[in-house]
Amino acid sequence: MKTKYDPQTIEARWQTHWAEQGTFNVEDDPSQPKYYCLEMFPYPSGRIHMGHVRNYTIGDVLARFHRMRGFNVLHPMGWDAFGLPAENTAIEKGIHPAEWTQANIASMRDQLKRIGLSYDWTREIATCNPSYYRWNQWIFLKMYQRGLAYKKRSPVNWCESCETVLANEQVIDNRCWRCDSEVFPKEMDQWFFKITAYAEELLASCDTLTGWPQRVLSMQRHWIGKSDGVEVDFQVIDSPPELPSIRIFTTRPDTIFGATFMSVAPESPAVDLLVKGRKEEQAVHEFVTRISRQDRNTRTDASSAKEGLFTGCYARNPLTGDAIPIWVANFVLYEYGTGAIMAVPAHDQRDFEFAQQYGLPIRLVIQNPTCTLDQNNLNEAYTQEDGYLVNSDNFSTLPIKDGRTQIARWIEEKQHGTRTVHYRLRDWGVSRQRYWGTPIPMIICPTCGLVPVPEQDLPIILPPDVPFTGKRGSPLKNVAEFAHTTCPDCGNQATRESDTMDTFVDSSWYFLRYTSPHQTDLPIEPDASQRWMAVDQYIGGIEHAVLHLLYARFFTKVLRDLGLTTVSEPFTNLLTQGMVCKETYHCPKHGFILPSDATDTHHCTHCGNTISIGRIEKMSKSKNNVVDPEELIKRYGADTARLFSLFAAPPEKDLEWSDDGVEGAARFLNRVWRLVAEYVEILKTLDPSPVQNTVTEIPQTSRDLRRQVHHRIRKVTQDIKREFQFNTAISAIMELVNVLYAFGFPITDAIKNDSKTLGVMKEALDALVMLLSPFAPHIAEEMWDALGNDSHVLHSSWPQHDPALLQEEPLTIIIQINGKTRGKVEGIPPDWTEEQVVEKARKEPKMSSWLQGKTTRKVIYVEQRLVNFVV
RNA sequence: GCGAGAGUGGCGGAAUAGGCAGACGCGCAAGAUUUAGGAUCUUGUGGGGAACCGUGAGGGUUCGAGUCCCUCCUCUCGCACCA
1361 MKTKYDPQTI
1371 EARWQTHWAE
1381 QGTFNVEDDP
1391 SQPKYYCLEM
1401 FPYPSGRIHM
1411 GHVRNYTIGD
1421 VLARFHRMRG
1431 FNVLHPMGWD
1441 AFGLPAENTA
1451 IEKGIHPAEW
1461 TQANIASMRD
1471 QLKRIGLSYD
1481 WTREIATCNP
1491 SYYRWNQWIF
1501 LKMYQRGLAY
1511 KKRSPVNWCE
1521 SCETVLANEQ
1531 VIDNRCWRCD
1541 SEVFPKEMDQ
1551 WFFKITAYAE
1561 ELLASCDTLT
1571 GWPQRVLSMQ
1581 RHWIGKSDGV
1591 EVDFQVIDSP
1601 PELPSIRIFT
1611 TRPDTIFGAT
1621 FMSVAPESPA
1631 VDLLVKGRKE
1641 EQAVHEFVTR
1651 ISRQDRNTRT
1661 DASSAKEGLF
1671 TGCYARNPLT
1681 GDAIPIWVAN
1691 FVLYEYGTGA
1701 IMAVPAHDQR
1711 DFEFAQQYGL
1721 PIRLVIQNPT
1731 CTLDQNNLNE
1741 AYTQEDGYLV
1751 NSDNFSTLPI
1761 KDGRTQIARW
1771 IEEKQHGTRT
1781 VHYRLRDWGV
1791 SRQRYWGTPI
1801 PMIICPTCGL
1811 VPVPEQDLPI
1821 ILPPDVPFTG
1831 KRGSPLKNVA
1841 EFAHTTCPDC
1851 GNQATRESDT
1861 MDTFVDSSWY
1871 FLRYTSPHQT
1881 DLPIEPDASQ
1891 RWMAVDQYIG
1901 GIEHAVLHLL
1911 YARFFTKVLR
1921 DLGLTTVSEP
1931 FTNLLTQGMV
1941 CKETYHCPKH
1951 GFILPSDATD
1961 THHCTHCGNT
1971 ISIGRIEKMS
1981 KSKNNVVDPE
1991 ELIKRYGADT
2001 ARLFSLFAAP
2011 PEKDLEWSDD
2021 GVEGAARFLN
2031 RVWRLVAEYV
2041 EILKTLDPSP
2051 VQNTVTEIPQ
2061 TSRDLRRQVH
2071 HRIRKVTQDI
2081 KREFQFNTAI
2091 SAIMELVNVL
2101 YAFGFPITDA
2111 IKNDSKTLGV
2121 MKEALDALVM
2131 LLSPFAPHIA
2141 EEMWDALGND
2151 SHVLHSSWPQ
2161 HDPALLQEEP
2171 LTIIIQINGK
2181 TRGKVEGIPP
2191 DWTEEQVVEK
2201 ARKEPKMSSW
2211 LQGKTTRKVI
2221 YVEQRLVNFV
2231 V
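Take 1361 as the starting number for the first sequence in the numbering used here and just add one per residue.
See the structure below:
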């Protein structure tokens, strides 16, 4: 073993070795419990960033840890390889998306291998390969058969100048990100997945996801947005024949007696019918046009002003029988509920503001039991759930809850409406008018209509020769040999669907594909998914808290119903890791600048202006605060990069980058290396006595050392298992190294000549290397080898602490007076009784000044911890 | 506005179940080694002269509170007119 730690050589050696031996390839071994460890697969942008390093290192620690603990570990990696950047590159640089993507995958795969991640690369998948996306098509057809995929007209973001559809994130301030022209909503035929059919199950089974962070679950629940309520018809007075009544949705049937007007969404077709031929017609039309021109963000901003206009029509409140005016209001959403509401100004803040603004009546129907409200003198709507009904006919005096159920029942009995559940969740629009995605396997036949592609004709492969212009809509539409086909039903000329699928489809089931990545007659081999699913630990960014995770849950349930898996939820445990952040340097003239462009005195090297050291922000190119993993690894090695990113913060919290901290991690590995190197030679020549059989015969100091070692074994094991506290696990390893240095570095003659102590030291060093190995695997393998052990450290068994040894640990007992710490007694044998300990504490010299001349009223003894004298 | 989370040394962060606040690391200081620097090793490092005081602020429960309860402040994230 060399005296100098040389990470580059070591890491190259072990990475080659691992690759040659196929060390991480997993064979299904039913004799072991399975552990499926998965990190969110990356988009192959070409280069990895520190966020990837952090994400994948966290997963790698868990994978390696579980392997050593005797689990059969599945730890795969792949590529989320479809998507816009490849197509944009094709438009801008003329490189084919496939070529660009494959090149990026190749270089990123190399980078990942350079981190020493324990992936089974034989299971690698790339979603842009037909062998993968054909199964997107297969699943699509199954969903179509079951009515879970359907086509309907729906608005998209349309850029007139580029003649193309834009994703939401490509619309900046209502303008096209590439050509800066205005973006309009355009109605187009689009494919949807009926995720709403699973809304109730997706919501209900949130309760079963006990291994998920609460905030992710609450975001999911909110996104699904279930509300229980009632749909009620309000008869229109002197109605046009097409519109006898207006249906509203409310979650507060208990307040219907307080409905003093109605509000309809400007987009609602009811508006036209109401105002037709009235004197209000023109003004209302102008109002509607003006509102519909506003972009969605301004429109739905809660702080923007409420506006409305009277339609001239009245409806009858079914409970009071009163005629109430019908208004058009900008804040009523056409997409939600029925696009019309009853307005209860006394008990809804929005309606209250609206009523005040336009002088509409306010009628109190819920009374606050603790502080009587006066309907002529309200400052705001009373919306609390605590109260009883008033001014509500027979229902008056009922508590809110009872009023709600009784009025709802009454409405159903009198056939004024029905109890209904509404969800905020919309069906999932999967159509993309793009090239680089999965072609939707449908055919549009002039005589038969929409016809699914027969299963045996799959996959529908993307045509390779396509002009990429960024204009004239989907590129696939313009490829004649792709678009023109024959109808499978009638054999006549037909057109192929040119939409491709949203890339979220790809990532909604890839974790299932990993269980049988080479299966050719089904997307998933049911036995393999039975063996490996669900994912025991899923790790990724919080940015996917809603969409990806919701879609993946939805797909799992659909595939379950297709008989391809038996699990209902894909991810048992979810860890959302924090962002990697770094301080920013901001020059008033040059904006965010690189740290290297700032002088020591915080001046800009370009213009001399004083630089403000900005906030700690997520690493991004635009902030000029990124650290390139490749450079980091070149300089310090992968083990240091891994160790630092695990040590600097617990996984779920943001990690603040620190160059000094990286230096510290490197220093620590050097320190371990020197320690092991010091002992390797002597251990080779002297053949130390095995420690297990000599426990009682070893010297006290060695015995103490063993206890320290076993103490850390327990700590590290607990920290990894419980809550992924890698930072504290590493600090325990650091403590262990400090203990070993204090004990025997540099090595003394006394140690050298005592084979029993050397045996203890060997045990300690082996344990140290094993404990370190999930975090810094290359250096661990190298040292494991040098210490003369067989096989790999990865194939060794994770060390177990000896509980008997820890029980011998002498105790330190804290002495308190009236609850304040005033002293301590050390070295108390763990088997002492309460009397012995209290007596010893009382006699402690420092305590006499506290206890003298005072009566001890009470003594509180906490076993193994403290004695508290209450005087 | 609503929801979730967080406020601990100069810094990143520790503190099972209410029981030594500040583990570990960074930074800093001193010493050793060295021709010197770097590297390394050792020691010290919350504040205060001290008794003592210290976990965002104030109150409470308790023998004892960073931890539990109440009120408030600040920050971060998510949602944002969802009837």
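Note that beta-carbon positions come from the ideal geometry of N, C-alpha and C, so glycine has one too.
Buried or exposed: which applies to V1839, given that a residue is buried once 16 or more other Cβ atoms fall within 10 Å of its Cβ? Its Cβ being crowded by 16 or more others within 10 Å, V1839 is buried.
Please state the DSSP three-state secondary structure of N2053. In this predicted model, N2053 has a pLDDT of only 47, less than 50, meaning its place in the structure is not dependable enough to derive any value.
Spell out a yes or no on whether the region 2155-2162 and the region 2071-2078 are touching, meaning 3 or more CB-CB pairs, one atom from each, closer than 8 Å. Short answer: they touch.
Pull the bridge partners of I1953 from the DSSP assignment, please. Per DSSP, Y1945.
Pick helix, strand or coil for Y1403, following the three-state DSSP scheme. Correct three-state label for Y1403: coil.
Going by beta carbon distance, what residues of the same chain come within less than 8 Å of E1740, once the five residues before and after it are set aside? Only Q1709 and F1712 meet the Cβ criterion.
In this structure, does DSSP put T2181 in helix, strand or coil? Strand.
S2005 - DSSP class collapsed to helix/strand/coil: The answer is helix: DSSP assigns S2005 an H, G or I state.
Would M2143 pass as a contact of V2129 if the rule is Cβ separation under 7 Å? Yes; because the gap between Cβ atoms is below 7 Å, this pair is in contact.
Excluding the 5 residues preceding and the 5 following A2140 in the sequence, name in chain order all residues of the same chain whose CB lies nearer than 7 Å to its CB. Once the five neighbours on either side are set aside, the close Cβ partners of A2140 are V2129, L2132, S2133 and V2153.
Span of the beta strand (DSSP E) around S1587: Note, S1587: beta strand (DSSP E), K1586 to V1596.
Can I1584 and F1914 be called in contact, C-beta distance under 7 Å? Contact: no.
Could you give the uninterrupted runs of the beta strand (DSSP E) lying entirely in the region 1690-1739, keeping only those of 3 residues or more? Annotation: the region 1690-1739 contains the following complete segments of the beta strand (DSSP E) (minimum length 3 residues), in chain order: 1700-1703.
Reducing DSSP to helix, strand and coil, say where K1364 ends up. Three-state result, K1364: coil.
Using 8 Å as the Cβ pair cut-off and three pairs as the minimum, do the region 1780-1792 and the region 1856-1870 touch? Verdict: yes, contact present.
Please report the Cβ distance between G1668 and Y1718, rounded to the nearest whole angstrom; I am assuming they are in contact, meaning their Cβ atoms lie under 8 Å. G1668 to Y1718, Cβ: 7 Å. Contact.
Just curious, the beta strand (DSSP E) that Y1510 is in, first and last residue? Where Y1510 is concerned, the enclosing beta strand (DSSP E) stretches over A1509 to C1519.
Are the beta-carbon atoms of V1590 and M1548 separated by less than 7 Å? Not in contact: V1590 and M1548 (Cβ atoms no closer than 7 Å).
So does G1672 have its beta carbon nearer than 6 Å to some heavy atom of the ligand HEM? Ligands in the displayed structure: none, and consequently the ligand HEM is not present.
When burial is assigned at 16 or more other CB atoms within 10 Å of the CB, is T2108 buried or exposed? Exposed.
Compute the distance between the beta-carbons of F1828 and I1465, then report whether it is under 7 Å. Contact annotation: F1828 and I1465 have beta-carbon atoms that are not nearer than 7 Å.
Minimum C-alpha distance to L2035 - residue among F2007, T2045, P2106 and I2058: The shortest Cα separation from L2035 among F2007, T2045, P2106 and I2058 belongs to P2106.
Using 8 Å as the threshold, is the region 1740-1760 in touch with the region 1869-1889, meaning 3 or more CB pairs across them? Remark: fewer than three beta-carbon pairs, one from each stretch, lie closer than 8 Å, so the region 1740-1760 and the region 1869-1889 are not flagged as touching.
I want to know whether the region 1424-1434 touches the region 1378-1392 - three or more CB-CB distances under 8 Å. Inter-segment contact for the region 1424-1434 and the region 1378-1392 is present: three or more beta-carbon pairs are separated by less than 8 Å.
Cut-off 6 Å between Cβ atoms - residues of its own chain near G1830, not counting five sequence neighbours on either side: Within the same chain, G1830 has close Cβ partners I1451 and C1522.
Helix, strand or coil for G1763? Go by DSSP, reduced to three states. The DSSP-derived three-state label of G1763 is helix.
Taking only runs of the alpha helix (DSSP H) that begin and end inside the region 1389-1446, which ones reach a length of at least 4 residues, in chain order? Fully contained in the region 1389-1446 are the following alpha helix (DSSP H) runs of length 4 or more, in chain order: 1410-1428.
DSSP state of K1666 mapped onto helix, strand, coil: Three-state DSSP puts K1666 in coil, outside helix and strand.
If we require 4 or more residues per run, which alpha helix (DSSP H) segments fall completely within the region 1753-1830? Taken in chain order, the unbroken stretches of alpha helix (DSSP H) that lie wholly in the region 1753-1830 and span 4 residues or more are 1760-1773.
Quick check on D1588: buried or exposed, where buried means 16 or more other Cβ atoms within 10 Å of its Cβ? The Cβ neighbour count for D1588, taken over all protein chains shown within 10 Å, is under 16; the residue is labelled exposed.
Looking at the structure shown, is F1609 part of a helix, part of a strand, or coil, going by DSSP? The answer is strand: DSSP assigns F1609 an E or B state.
Leaving out the 5 sequence neighbours to the left and right, which residues in its chain are closer than 7 Å to G1697 when beta-carbon positions are compared? Around G1697: F1609 and H1782.
Rounded C-alpha distance that separates L2046 from K2122: The alpha-carbon separation between L2046 and K2122 amounts to approximately 11 Å.
Between the alpha carbons of V1944 and R1575, how many angstroms are there, rounded? As written in the sequence, residue 1944 is Thr, which differs from the Val given in the question. Cα to Cα, the separation comes out at about 29 Å.
If you drop the 5 nearest sequence neighbours on each side, which residues of the same chain put their C-beta closer than 7 Å to that of Q1462? The answer is none, since no qualifying residue turns up.
Under the rule that 16 or more other beta-carbon atoms within 10 Å means buried, what is R1769, buried or exposed? By the neighbour-count criterion, in which a residue is buried when 16 or more other Cβ atoms sit within 10 angstroms of its Cβ, R1769 is exposed.
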